[in-house]
Structures are given as C-alpha cells and as structure tokens.
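Inspection log for the structure reproduced underneath, given as structure tokens.
Numbering (full-length UniProt numbering), first residue to last: 1 to 673.
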C-alpha cells in the first residue's frame, strides 16, 4: 500500500461470488478464499488461474476465515462451529453441526492470548444479541447474552484482549459507545450469563451528533469512529473522528467530502478506509492522554508536533483531495486541532525552532521565491526533525504546489538535488513526477525512475511516451545521465562513427576493418543486422531507465496498448538492438553500470508485442524488423537446442575432470554420442 503497487489480481468464474474476505496464511504464505459459501480456494503468488489452484468443497456455509500470525487460519461457520484450517483439510466433507440455532452472526474477531487462539463472535435473534467466546486449544465455548438497551441496538463491534480480559466495545444506534468486560477464565459449568455494559462515550459535541458506522480502538484512551456528523439544521457530513474516551472529548475530526463505504480498518498505526474511489491510508500516533491535551490546552513548547509534515489541513485544498490516498497523516498528539486557527494569528511571536513543518510551510505560502527556497533549504538541513523523510516529502509537495499556482516557477535544480540526495519514494511526493511530465523535464524523470521503487504503471507509461515523443534535437540540449549506455552504444564524434563498446579480449574485428567516414543523422536507424542504435544516446539512456523500473505486467499492458504505433516500432527497434548487443556477449550482459538485463529486455519486448502485434504486423516499416527479430530468435533457439543435445556429455566431462589428479598429464579422447 505504501508503494501504491498492485502485486497481483485473481478472479473467479462468471457466476461465482466470493462470500467472505480473503486472508493470508502467515505460515505458508498462501491466500485463502471462499466462494459460493462452501468452496475453499488456496493459492500462492505465482498462481495465475484460480481454476487450477487447490479446491475443497465443505459441508457447511462459511461465515469468516481469521488468520492469526502464530495460530494459523481459523474458520468460523455460519452455524457457530469453529475449526482450524488444518483440521478441515484433513476431511473437507466432515460433518459441521449447527450450535446457534436461528441466530445470525453479525461480527467476529480472533486473537492470540499467549499461545492460545481465541475467537469471539456476536449473534442476533429476534432483537436479542449474544456473544460467544471460543478457546480452540481447550475446545471450550461460552455463550453470553448482551444486556438490552431500550430503543437502541448495536450497530458495530470491536474488541481487544488484555490481562485475560476481553474488552468488547459496542457502537449503538443511540449514538453511544458501550463497554463490556468478559473474563477469559470462566467456570465451564456455568449457564448462559447476561453481560452488563457501561457507557464509555456519548458521540455528541456542541450540539452535533455523530451517527457512527464503524470504529476501531487505537489505544486504551482513544478510539476512531467513521460516520456522519450532523448539526441541528445542517446537512450531515461524512467524517473521520478521533475521541478521547478517558475525558469524553472529541480529539480531532475531518470531513471526507468524497464519501466513504462506511468501513474503517486499523493496522500498525495506520487507518485504512475508502474515500471516493481510492483507498486512503492515514498514519496516526497516540501519546499519553492528559486533561490538558483533551481540551487542547497543552503548550507547543512542551510537546513538539510529531505529525506536522502532514495534518488535517492538507485536505483543505481541493488539489490535495485527489492525492489524499497517497500521503496523509494525523497524530493523536496531546493537543486539539481546534486551537490551530487561533495560533495562526499569533504565529509570528513563536520561535521558529518550536514551529512544526506544517506551520512553517503555511507561513511561507505567500513568501517570495528567494525567501521560500532559502527557508526550505534551512528546513531540510535540520537532520533531527521528527519524521524526517515524510517532512522532505512535504517540502517537495510545497514546491510542486507553487509550480502549479505559478507556471513560470520551476526550481529544477532544487528538485533534482532533493531527489538525488534523499532516499525518497513516489508515495511521499506523488505530484512531483506529474509536474515533471508536464514540463517535459526528462532528466528529473530519469532520476525518479532510477530511484523511486514504487512508481505506478500509469506514470511509467507516461514517462515512456514522453521519452519517445521528444525530438533528438531537444534531447541534445538537455542534461541526461548517459552512464547506462556509454560503454556499448554507437555515438558520434567529429562526424565519424565510433564504437565506444568494451569488447571481449580487447579486440573487435569490425573496428579494425571498418571505421567508416559516414555522417550519422540526428536520428539514426539500424542496418539489417541491427548494427546501429535506432535512437540517440540521450533517448537510449532515458529508455533504459524505463526498462529497469518495477512494474506489474497485468497493470502495465493496458497502458502500453495506448502507445502510438510509430513510437511502439521505435521502442521495439531499440529493444531488438539491445537484445542483439546482449547476445554478442558470453554472459549476455551489457557492459557498464545501470544497464538493463537481458531478462528485462525480453520482458519488455514480449509486453510490447502483446500490446501491439496486430498493428505492427500491418505496418510496412515494421516488416523488416519483425523478420530480423524472427530470424534472430530462431537462430538463438537452434543454438540452445544444440547445446541441450550435448549437455549430458559436458556434465560427464566435468565429472571426470573432478576425479582426475591435476598433477598428472594425459590426453583422453571422448566420443560424443
């Protein structure tokens, strides 16, 4: 998620429906899914077609599969029975009884208490709600009944275990959160107990009421609730809110104008929820709760802003709402965001060292270009500032934003310096490459392609299209890193063609026989044997950066199909040229540094042919290229086929050489059959 890279995609047949969330088995690194309630599918990353992976049809409907890091997958059936996956796979058609009669499961969760897997689930029947606690190793099941609440019912549940006590939190329809304590140590002979609940939080503040849909526990004093906040006489608005349960206060909130699905997840100090059509990830940080923090009276000098690099204010601009899924953060620090507006009026009186990164950038919004860049350089020089990497990302975002508001402003050297000297990623500054594409800053794009590990396929394709569309004349006036091509490509000096290739054994017959006095046009074309590079050295270096970028074939291919046919042919010519160059070497590698490997070259050739084969076959100018490519590949196949024929003899020869005494001299004739 942090890299925004899709890693895999699988689908069931038409008519089949995935009926519970897919989970990962942490022990075997396998995915587990259930479709049509009873059909179990298990597969790994390398598997492509779900029809060909492991399949087991169970005897009862599955409600949910829970995967525990040290406890393995646990399957909860709709009838209330719990089985480990291993037990189920031993006999998939084993009988599964129904232990909850007419009750319907509404929610479930699994935990590890020491070495003991514990599963808790809630059910509903005729308006009554029940809670079941299953300890798998002890094979014990306890049933409880939730104390009824007049004129309201539970909408959502969440729970956690601490000190052998399950704390169950219930979000009710009367806009309140209730707490229920369930001890794990219970007398097995006791009958069904009624669980009493206590009011934990009332979801109202200053007359506004939050209609929650889902919530998560952040720590013992804070919870996050996703829902609609409605004020009297106003239209309700979807928002994410964070509450201090210890002091009954709303810690912070933010409106989500693009709408949500009503689902909220929390994992490793990150929120996950949908905002519009994107998955949003927001970091948070909980600090020790105090009364001063709860009411927003804690001084900045006592608690520095640990989340200042990105805060709620980034959502204030409509531009940044679009990139909301890429970079957001909120910290549950001990200060209310409600005090932020009043601080802006007195910010000049605060010492710079006590200001957060977000506040500094806010103050520089209307500063002159010189002051703006100088302040940013000083800010980057503070190596000890909190969340340093993310702060650098926010600095780039500020630069990019100024570029958008002022088209004449584009600090190329400053941006290059930051990218080249800082360990950044695309997700930290998602708008940077978009601006570079708009400005056709091919050098910055090349550096980003070489350094960012998480560039989306759409951006990779956009870079490729720009590199192929810019003229050679434009590139000759542009700075480009030629490190990846300088050792093997044909270049032009004093109107003479000179090969700068590092050759085997220091000798190349072609160089000895023929250094032709031929002018190379600005856009060279290959001869029949692929001798000359079809593009100039600058464009070749840029294309090499694309070849070495990471991608997922399934998500890049649709974009490649949009590449103009003429550009596709040029790119294919260059790939063929590289393929021939690699094949000239015994180790099939190009000389120099940061050069594409033969596997990368072949993968891109296959991708390009898959995307454009029908069009390329019809182009007259591509006919000779395809013919040469076919002949070359056919010759390679024949060569490797001949090698395979003598593979056994070569292995036998190697085995015999190991057995011989290296100090003796002998001549032995081996007959290859």
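We put the beta carbon where it would ideally sit given N, CA and C, even for glycine.
Note that the structure is predicted; figures quoted are calculated from it, not measured.
{"Query": "contact_flag[the stretch 646-655, the stretch 582-601] where n(CB pairs < 8 Å) is 3 or more", "Result": "no"}
{"Query": "Proximity below 9 Å, CB of residue 414 to CB of residue 451", "Result": "no"}
{"Query": "Supposed close pair residue 144, residue 130 - CB separation, criterion 8 Å", "Result": "7 Å"}
{"Query": "Delimiting residues of the alpha helix (DSSP H) encompassing residue 630", "Result": "623-645"}
{"Query": "For residue 49, the nearest candidate out of 62, 57, 16, 12 (CA to CA)", "Result": "12"}
{"Query": "Span of the beta strand (DSSP E) around residue 273", "Result": "270-275"}
{"Query": "Rounded straight-line distance, which links the Cα of residue 163 to that of residue 132", "Result": "19 Å"}
{"Query": "DSSP state of residue 138 mapped onto helix, strand, coil", "Result": "coil"}
{"Query": "9 Å Cβ cutoff met for residue 8 and residue 45", "Result": "yes"}
{"Query": "Secondary structure of residue 467, DSSP reduced to three states", "Result": "helix"}
{"Query": "Three-state secondary structure assigned by DSSP to residue 231", "Result": "coil"}
{"Query": "Through-space distance from residue 277 to residue 93, alpha-carbon basis", "Result": "40 Å"}
{"Query": "The stretch 89-106 contacting the stretch 54-61, beta-carbon criterion three pairs below 8 Å", "Result": "yes"}
{"Query": "Buried versus exposed call for residue 645 [16 or more other C-beta atoms within 10 Å across all chains shown]", "Result": "exposed"}
{"Query": "Pairwise C-alpha distance: residue 467 and residue 616", "Result": "20 Å"}
{"Query": "Contact belief for residue 52 with residue 41 at Cβ below 8 Å, rounded distance in angstroms", "Result": "Not quite, the Cβ-Cβ distance comes to about 10 Å (not below 8 Å), so this is no contact."}
{"Query": "Rounded straight-line distance, which links the Cα of residue 82 to that of residue 328", "Result": "Low confidence applies here, because residue 328 scores a pLDDT of 34, under 50, leaving its location unreliable; read the following figure in that light. One C-alpha to the other measures close to 39 Å."}
{"Query": "Proximity winner among 101, 592, 68, relative to residue 115 (alpha-carbon distances)", "Result": "68"}
{"Query": "Neighbour-count burial assignment, residue 613, 16 or more Cβ in a 10 Å radius", "Result": "exposed"}
{"Query": "For residue 24 and residue 17, the rounded distance between their alpha carbons", "Result": "19 Å"}
{"Query": "Residues near residue 15 by beta carbon distance below 7 Å, same chain, minus five either side", "Result": "none"}
{"Query": "Residue 544, enclosing alpha helix (DSSP H) - first and last residue", "Result": "537-547"}
{"Query": "Cβ contact check for the stretch 469-480 and the stretch 423-437: 3 or more pairs under 8 Å", "Result": "no"}
{"Query": "Separation of residue 475 from residue 534, as counted between CA atoms", "Result": "15 Å"}
{"Query": "Three-way DSSP call (helix, strand, coil) for residue 561 in this model", "Result": "coil"}
{"Query": "Residue environment, residue 630, which counts as buried when at least 16 other CB atoms sit within 10 Å", "Result": "exposed"}
{"Query": "Beta-carbon spacing of residue 155, residue 171 below 9 Å", "Result": "yes"}
{"Query": "Three-state secondary structure (DSSP) of residue 514", "Result": "Because the pLDDT at residue 514 is just 34, under 50, the model does not fix this residue reliably, and the value given afterwards should be weighed accordingly. Here residue 514 sits in coil by DSSP."}
{"Query": "For residue 56, three-class secondary structure by DSSP", "Result": "strand"}
{"Query": "Continuous beta strand (DSSP E) assignments of at least 3 residues falling wholly in the stretch 147-171", "Result": "154-162"}
{"Query": "CB-CB length for residue 261 against residue 274, believed under 8 Å", "Result": "5 Å"}
{"Query": "Length of the line joining the Cα atoms of residue 392 and residue 420", "Result": "12 Å"}
{"Query": "Environment of residue 514 [buried if 16+ CB atoms lie within 10 Å]", "Result": "The pLDDT assigned to residue 514 is 34, lower than 50, so where the model puts this residue is not dependable; a value taken from the coordinates is nonetheless given after this. Counting Cβ neighbours within 10 Å, residue 514 comes out exposed, since fewer than 16 surround it."}
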